[in-house]
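Below: one structure, written as structure tokens.
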Amino acid sequence: MADFSMELNEDQVQLQKWIHGFAEDVMRPNAEEWDEREEFPYPIVEEAAQIGLYGWEFVAEAMMNDPTGLTFPVAIEELFWGDAGIGLAIMGSALAAAGIAASGTPEQMMEWVPQCYGTADKIALGAFCASEPDAGSDVGGYRTSAKYDEATDEWVLNGTKAWITNGGIADVHVVVGVVEPEFKSKGHASFIVPPGTKGLSMGQKYKKHGIRASHTAEVVLDDARVPGHCLLGGKEKLDERLARVREGKPGNAQAAMQTFEATRPSVGAQALGIARAAYEYSLEYAKERHAFGRPIIMNQAIAFMLADMATEIEATRGMIHRAAWLGKNGRFENAEGSMAKMKAGRVATWVTERAIQILGGYGYTREYPVERWHRDAKIHDIYEGTEQIQQLVISRAISGLRIE
Ligand SMILES: Cc1cc2nc3c(=O)[nH]c(=O)nc-3n(C[C@H](O)[C@H](O)[C@H](O)COP(=O)(O)OP(=O)(O)OC[C@H]3O[C@@H](n4cnc5c(N)ncnc54)[C@H](O)[C@@H]3O)c2cc1C
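Just so we're aligned, residue 5 is where the sequence shown starts under this note's numbering, counting upward by one.
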């Protein structure tokens with residue numbers, strides 16, 4: 005186990021520089037165009053694949069081969085500093101990979117995670133499909149049914165998934181289905197829906213407030229049949245788990261919570277990258293913009309705003325890195341992953357709003373990037389667990405009580 009330190013090792017410093025270069029040279033110059041087009045930025049993701057930044061090997065190396073836990077958040081902060089919409093287009097398949105890793109066997113991981121990425125010459129995409137039109141936070145309210153057809157050894161999926169990153173354009177969809185409705189979230193299972201499966205289609209594509217280069221759509225499952233081996237974890241394990249629930253024995257909810265806690269610091273790092281971009285930009289602007297015969301930063305009102313922005317960003321990075329280390333070493337005590345994610349979302353939304361304030365009228369226009377960063381930041385109060393759901397998780401962790 006590595007000791008906790010904010011100091012990056014040589015490999016992490018090199019990785020940070022490499023991704024920063026891509027973010028500065030490729031993502032930043034293209035950010036505005038793809039935000040306006042509201043389309044998946046295939047040429048940019050293909051370029052990332054060519055240099056090894058989009059691919060399962062990159063994600064595996066960054067996540068598995070790092071005892072500190074810091075490599076992934078460091079990489080993500082740089083990507084989202086470049087652009088959040090394109091950043092999520094590059095990272096979206098990791099959601100599917102994480103879904104496979106959370107429930108799949110090692111053999112299923114080896115088979116399906118690479119298929120979520122394809123190759124450098126022919127990229128593929130993955131999507132993780134959990135949320136539904138009537139149930140986002142309330143995971144016990146999912147309705148997408150998964151029924152086993154013993155005659156053909158197939159699972160039949162029916163239902164609609166909502167707000168799915170890469171939904172309908174992905175090659176591999178990981179779908180959470182309800183096997184035993186009366187067991188609520190304990191009756192769920194995850195399924196791989198392989199490329200070209202009949203009965204899976206894209207529903208509406210959402211027009212969004214921010215991260216508009218990332219594709220978000222409904223996924224409709226209409227008698228979509230997948231082979232038995234596409235049940236993640238396998239039927240034997242599922243039957244054992246359901247039998248335990250039937251007998252009233254504890255399930256594996258604790259393990260699932262730990263998995264969510266461990267991935268949340270990386271979502272916080274997305275928000276941190278956006279906040280840092282907006283802070284750096286508004287700091288330079290404040291030094292150059294003159295009003296009343298002096299740079300606006302010479303007014304305490306502006307300089308103190310920037311001082312607060314810098315302080316919040318430093319505090320957030322500290323929380324994210326520590327939570328990432330705790331997650332890697334199985335040492336969470338008080339939902340520190342949720343704390344880091346919630347703090348980062350709030351800070352990014354606040355910092356980007358302050359950045360608009362510092363740029364004044366220019367900040368409110370699309371000529372300058374800060375309004376885009378503000379729109380991009382807001383999603384971090386919503387997805388991967390809303391601000392209120394993080395509060396729920398934290399309050400339960402600190403009190404030991406079932407706060408509702
Ligand atoms: C751009 C985007 C990308 C996404 N990508 C994916 C994806 O790839 N895969 C996926 O499965 N999902 C994805 N989502 C869905 C996302 O995770 C959900 O939107 C989120 O979990 C919130 O669910 P909801 O929208 O149904 O809100 P609701 O659950 O309806 O919540 C509405 C409001 O009520 C509050 N609330 C709800 N319950 C409680 C409670 N018990 N206590 C206090 N407050 C409460 C919430 O905090 C929120 O403020 C994405 C969403 C967006 C917008």
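Backbone N, C-alpha and C define an ideal beta-carbon position, used for all residues, glycine too. As the structure is a computational prediction, the values presented were derived from the model and not from experiment.
Top-ranked residue by Cα proximity to residue i, from the options
| i | options | result |
| --- | --- | --- |
| residue 76 | 93, 42, 20 | 20 |
| residue 15 | 131, 106, 70 | 70 |
| residue 359 | 285, 50, 249, 150 | 285 |
| residue 401 | 262, 59, 199 | 262 |
| residue 229 | 191, 157, 396 | 157 |
| residue 164 | 154, 253, 140 | 140 |
| residue 125 | 193, 50, 282 | 50 |
| residue 327 | 310, 41, 375, 72 | 72 |
| residue 347 | 298, 275, 42 | 275 |
| residue 93 | 61, 376, 31 | 31 |
| residue 392 | 367, 343, 320, 9 | 343 |
| residue 79 | 24, 265, 60 | 24 |
| residue 235 | 197, 146, 296, 204 | 197 |
| residue 287 | 188, 123, 374 | 374 |
| residue 166 | 134, 300, 251 | 134 |
| residue 269 | 211, 339, 144 | 339 |
| residue 171 | 207, 137, 387 | 207 |
| residue 387 | 132, 311, 399, 248 | 132 |
| residue 143 | 247, 154, 190, 178 | 190 |
| residue 378 | 118, 238, 6, 281 | 281 |
| residue 110 | 120, 10, 237, 219 | 237 |
| residue 136 | 114, 162, 122 | 162 |
| residue 62 | 27, 283, 232, 123 | 123 |
| residue 4 | 318, 341, 320, 312 | The question about residue 4 has no answer, for the chain in this structure spans 5 to 408. |
| residue 398 | 277, 265, 253 | 265 |
| residue 203 | 227, 364, 249 | 227 |
| residue 200 | 145, 210, 6, 231 | 231 |
| residue 45 | 245, 220, 154, 277 | 220 |
| residue 5 | 365, 335, 351 | 335 |
| residue 160 | 65, 233, 59 | 233 |
| residue 315 | 289, 352, 298 | 352 |
| residue 178 | 188, 296, 239, 106 | 106 |
| residue 213 | 10, 405, 42 | 42 |
| residue 349 | 292, 155, 319, 253 | 319 |
| residue 439 | 372, 368, 317, 396 | Residue 439 cannot be examined here, being either before or after the span of the chain that is shown, 5 to 408. |
Beta-ladder partner(s) of residue i, from DSSP
| i | result |
| --- | --- |
| residue 294 | 299 |
| residue 130 | 176 |
| residue 192 | 182 |
| residue 10 | Answer is none; residue 10 lacks a bridge partner. |
| residue 122 | 127 |
| residue 153 | 158 |
| residue 209 | 221 |
| residue 242 | DSSP output for residue 242 lists no bridge partner at all. |
| residue 136 | 139 |
| residue 229 | 160 |
| residue 165 | 223 |
| residue 235 | 195 |
| residue 204 | 225 |
Cβ separation of residue i and residue j, assumed to be a contact under 8 Å, to the nearest whole Å
| i | j | result |
| --- | --- | --- |
| residue 222 | residue 168 | 7 Å |
| residue 345 | residue 394 | 6 Å |
| residue 116 | residue 104 | 5 Å |
| residue 356 | residue 279 | 7 Å |
| residue 130 | residue 176 | 5 Å |
| residue 205 | residue 224 | 5 Å |
| residue 430 | residue 272 | As displayed, the chain neither begins before 5 nor continues past 408, which places residue 430 out of reach and without an answer. |
Chain C contact for residue i (CB, 9 Å cutoff)
| i | result |
| --- | --- |
| residue 216 | Checking the listed chains, one finds no chain C in this structure; it contains a single protein chain. |
Residue i CB to nearest heavy atom of ligand 2 below 8 Å
| i | result |
| --- | --- |
| residue 236 | No copy of ligand 2 appears in this structure; the ligands present are ligand 1. |
Assess, as a yes-or-no matter, whether the segment 94-103 is touched by the segment 32-42 under the definition of 3 or more beta carbon pairs within less than 8 Å.
-> no
Inside the segment 43-116 only - alpha helix (DSSP H) runs reaching at least 4 residues = 46-54, 60-68, 75-86, 88-107, 110-116
Tell me the start and end of each unbroken alpha helix (DSSP H) in the segment 348-400 that is at least 4 residues and wholly inside, in chain order.
-> 374-382
With a cut-off of 8 Å, do at least 3 Cβ pairs link the segment 55-68 to the segment 174-194?
-> no
If you pair each beta-carbon of the segment 76-86 with each one of the segment 136-153, do three or more pairs fall below 8 Å?
-> no
Examine the Cβ distances between the segment 380-391 and the segment 301-315 and report whether three or more of them are shorter than 8 Å.
-> no
Curious, which full-length alpha helix (DSSP H) runs of at least 4 residues does the segment 300-350 contain?
-> 304-332
Every unbroken beta strand (DSSP E) inside the segment 10-35 [3 residues or more] | As for any beta strand (DSSP E) of minimum length 3 sitting wholly inside the segment 10-35, there is none.
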